[in-house]
Amino acid sequence: QTSDIKRQIISCLDQVFPEYERLFSDMFGKTSRKLLLESPLPEDLLNIESTHLTKLLKEASKGRFTEEKSMLKVDEIKNLASDSFGIQIASDVFKMQIQLLIQQIELLESQIKDVESKINELLEKDDHHLTTISGIGSITAATIIGEIGDIKRFERPNQLLAFAGLDASIHQSGDFTGTNNRISKRGSPYLRRAIWQAAFVASNKDPALSEYYQSLRARGKHHGTAIGAVCRKLVNIIFAVWTNDKPYEVRHHSNKEQE
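All residue numbers in the sequence shown are consecutive under the numbering used here, ending with 266.
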């Protein structure tokens, strides 16, 4: 939803102030947002006192903009605003829309922080040590716990793997039955997505899983296939950590790919 709102803001700015994107490396960073919330139109920026604009930049950036840097940025803002080719027809409508959209982003982010805070409070009571696993944050842990429920339902990691739909699919041809490396996509799509996202992060940050991922890539495995293999390793880790009730400890895994 936030991405859609940002696209709408960019669309509005393309109409009234197309040069704005040159001003900040992150158009939706705190400093830029503060500016858009207060003065999104070129004429607004031209009418603001330079001293006020300098103060706004310094405060919004929390000191990242020094006095000198703020003054230089103010000059840049004023020059771009003065030379802007943005339309002036119905500019007040665009202004109001930009300001409302910025407020929506800030409201959504505030709500997300509240949800994360409540999730963290719940996980503090018992997160089954899942957040000690690389790639698993509080929201991912909550998703995994919510989807699995009671880990005792599963006697072996392979059963959990199948429940997540991350087990290898089966194919038949005549009297022959075999497996391939494609995941079956049965089971819980929410659990599968959470583990897939965690595996993507872990393949970069966890020393053992990163080494495993890189070894598969070096052997010519496609990125998706390699991540799928990391998912299967990760399910084994989740199962072990949860059932043993012990934090995750990084260990180097065998490079033999699980089928």
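Every residue, glycine too, gets a C-beta built ideally from N, C-alpha and C.
Secondary structure within the stretch 22 to 106: the alpha helix (DSSP H) runs of 4 or more consecutive residues, fully enclosed, are 37 to 45, 49 to 54, 57 to 67, 74 to 89 (chain order). Close CB contacts of Cys19 within its chain, under the 7 Å cut and outside five residues either way in sequence, are with Phe101, Gln104, Ile105 (chain order). The Cβ atoms of Ala171 and Gly194 lie closer than 8 Å to each other. Less than 8 Å separates the beta-carbon of Ser145 from that of Ile126.
The C-alpha of Thr232 is placed about 14 Å away from the C-alpha of Leu216. About 19 Å separates the beta carbon of Gly142 from that of Lys228, a gap too long to meet the 8 Å contact definition.
Ranked by Cα distance from Asp90, the first of Tyr27, Ser77, Arg14 is Tyr27. Within the same chain, and ignoring the five residues on either side of Thr38 in sequence, the residues whose Cβ sits closer than 8 Å to its Cβ are Phe31, Leu64, Ala67, Ser68, Arg71, Phe72.
Note on Asp134: 16 or more other CB atoms within 10 angstroms of its CB, so buried under the neighbour-count rule. Ile84 and Glu74 have their C-alpha atoms spaced approximately 15 Å apart. In this structure, DSSP gives Ser195 a state outside helix and strand, which the three-state scheme calls coil.
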